[in-house]
Amino acid sequence: MEIIKTQKDSKKLLHDGYAYLLEKEKCDRTYWKCDKRGICKGRAIVYEEKINITQNHSHPPDQKENEAKKIISDIKIMSSSTSSSTSNIINECISKSNIDICTKLPKQDSLKQTVRRTRASILRAEDYNKTIKGEKILMLEKEDIMIYSTETNFNTLRKYKRWFCDGTFDSAPTGKQLYTIHSLVGINKTLPLVYCITNNRNEETYSIIFNFIKNKEIVPISITIDFERAAINEIKNVFPEAKIYGCFFHFGQCLWRKLQGLGLQNWYKNENNQHIIKKFQALAFLPPDTVHDVFNQLINSINDETDEILSDFLQYFETTWLGIVQRGRRRRPTFDIDLWNVFERMERNLPRTNNSVEGWHNAFHMRLQICHPTLQKLLQKIRLEQAATELSIRQIETGQELDRKTKKYDDLNKRLKRIFDSFENVNSLEYIDRIACNL
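Reminder that position 51 of the sequence shown reads as 51 in full-length UniProt numbering, one-by-one numbering, no gaps.
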């Protein structure tokens, strides 16, 4: 005996090859009639999870048809609770059935329409401020910003205090940004917990976002972000005790973009030249108080010809990441060493990058299937994503392992950790040379 939902969201009872529609509910009993209306007068009563057939059917049972109805019901459930593509939903649900049952299913186009109808039905305008489960999700609405989250998500942010923030324009309506806050839940899973749709990327916008969260009595231990000055400034203002980590991947991107801006792309194609630049990137793996000294050693180790080619790049690196020396004193850089340095993160086995968040943004954009979606389309996907997040949190907290790292990524981390652990036993230039070989 099993109860499923019909196309019109009412109940249907499946039992012994017959299907029943709900006729009425009275006290603790439910009364059912055969779904072959006008043909069969079969009746049943369910009481205390036991079924009593009160009137026999006038037609034979069809177990295959019931199985097909169950598959369609599963498709509806999956459509409303996941952000998987239409084809993936249908394939996953059908793969559980026998080939014989597939002959009882509607055609593919009809099944796809079922997915679309199901998803459309949960997107009535009055539901946009609620999750699929009916929990409030629109937490703040102003002229320039909307914040979507839930009390469940806020509790998760309170519990898991290492956050990762990133923004994108492609997944937001034209002229807007989708800025998300993720938390490291469990050992290695980052999950989206706050979605912000903003008109701007200025300090005022980030002040609204972070103060709103702070007013919920939520304070992070650390926040990993890219090198966006407006966001960094407001995190410092709102969460002065939180450690701000710059994304190591974005640090490397900044160096590459500078090389491009200086017209050194062809020079960089040479493997030896690549290795030189990666040594500058590897400075991030040194203790912060040794970076200046090793930077000078690295410059002195470069031949005169390369030094001349990289003169503008070296000036940029010193001004932006180290602080240039003037009148015997080192000025403050654009980005402090503590921001882009990863030595502490290596010691604590913390993520060095925002890559998991960038990966989520890429996957989310693929699920949207369009650049600059309408607000309605974006909210649809956010609600589905929230359902998936709630499931992931439940799985993690009940001991299930999600998204194991790939062997390639795991091997790289192990190599870097072995080199990192050897820091005390080798000279600094040899150390960054070994790190650079793995970047």
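Where is the CB? At the ideal position from N, CA and C, for every residue including glycine.
Q: Determine the contact status of residue 337 and residue 314, defining contact as a CB-CB distance below 8 Å.
A: no
Q.
Buried or exposed for residue 125, going by 16 or more other Cβ atoms inside 10 Å?
A. Model confidence at residue 125 stands at a pLDDT of 47, short of 50, so the residue's coordinates are unreliable; what they give is reported in the following sentence. Label assigned to residue 125: exposed.
Q. Is the CB-CB distance between residue 251 and residue 163 below 8 Å?
A. no
**Q.** C-alpha distance - residue 105 paired with residue 67, whole-angstrom precision
**A.** 9 Å
Q) Between the C-alpha atoms of residue 45 and residue 31, what's the straight-line distance to the nearest angstrom? A) 5 Å
Q: Inspect the beta-carbon positions of residue 206 and residue 230 and report whether they are closer than 8 Å.
A: yes
Q.
Check this for me: beta carbons of residue 185 and residue 147, under 8 Å apart or not?
A. no
Q: Might you give, ordered along the chain, the residues of its own chain that have their beta carbon closer than 8 Å to the beta carbon of residue 52, omitting 5 neighbours on each side?
A: 44, 45, 46
Q) Name the DSSP beta bridge partners of residue 292, please? A) According to DSSP, which records beta bridges pairwise, residue 292 is partnered with nothing at all.
(Q) Could you check if residue 100 belongs to the surroundings of the ligand ATP, using beta carbon to heavy atom distance under 7 Å? (A) In the structure shown, the ligand ATP is absent, as is every other ligand, since no ligand is present at all.
Q.
Which residue marks the beginning of the beta strand (DSSP E) containing residue 205, and which one marks its end?
A. No beta strand (DSSP E) contains residue 205, which is instead part of the alpha helix (DSSP H) from 203 to 214.
Q. Residue 139 by DSSP, collapsed to three states: which one?
A. strand
Q | Nonlocal neighbours in the same chain, by C-beta distance under 8 Å from residue 92, ignoring five residues either side | A | 78, 84
Q: Consult DSSP for residue 125 and reduce its assignment to one of helix, strand or coil.
A: Here the model assigns residue 125 a pLDDT of 47, short of 50, so the residue's position is not dependable and the matter cannot be decided.
**Q.** residue 242 vs residue 221 beta-carbon contact at 8 Å
**A.** yes
Q | The alpha helix (DSSP H) enclosing residue 413, as first and last residue numbers | A | 407 to 421
**Q.** Local Cβ density within 10 Å of residue 27, reported as buried at 16 or more and exposed below that
**A.** exposed
Q) What's the call for residue 166, buried or exposed, on a 16-neighbour Cβ count within 10 Å? A) buried
**Q.** For residue 160 and residue 306, the rounded distance between their alpha carbons
**A.** 46 Å
Q. Would you say the segment 137 to 153 touches the segment 196 to 203, given that touching needs at least three Cβ pairs under 8 Å?
A. yes
Q. Between which two residues does the beta strand (DSSP E) harbouring residue 177 extend?
A. 177 to 185
Q) Near residue 259, which residues of its chain fall below 6 Å by C-beta distance, leaving aside the five closest residues on each side in sequence? A) 268
Q: Go to residue 154, then tell me how far its alpha helix (DSSP H) extends in each direction, as first and last residue.
A: 151 to 159
Q) Going by Cα to Cα distance, which pick from 211, 154, 58, 286 is closest to residue 192? A) 154
Q: Starting from the Cα of residue 129, find the closest Cα among 400, 271, 380, 409 and give me that residue.
A: 380
Q) From 272, 233, 281, 274, pick the residue whose C-alpha is nearest to that of residue 254; which is it? A) 281
Q) Hey, quick one: how far does the beta strand (DSSP E) through residue 354 stretch, first residue to last? A) Where residue 354 is concerned, there is no enclosing beta strand (DSSP E), given that its DSSP letter is neither H nor E.
Q. At which residue ranges does the segment 54 to 100 contain complete beta strand (DSSP E) runs of 3 or more residues, listed in the order of the chain?
A. none
**Q.** Euclidean distance between Cα positions of residue 97 and residue 358
**A.** 36 Å
Q.
By the DSSP assignment, the alpha helix (DSSP H) with residue 222 in it spans what residues?
A. Looking at the DSSP string, residue 222 is not in any alpha helix (DSSP H); the run it does join, the beta strand (DSSP E), is 222 to 225.
Q) With 16 other CB atoms within 10 Å as the buried threshold, where does residue 59 fall? A) exposed
Q: Would you mind reading off the limits of the alpha helix (DSSP H) that contains residue 277?
A: 271 to 282
Q: Pull up the DSSP beta-bridge partners for residue 146, would you.
A: 141, 197
Q. CA-CA distance, residue 139 and residue 232?
A. 23 Å
Q. Among the residues of its own chain, which have a CB less than 7 Å from the CB of residue 361, if the five just before and after it don't count?
A. 166, 168, 171
**Q.** Alpha-carbon spacing of residue 218 relative to residue 238, whole angstroms
**A.** 11 Å
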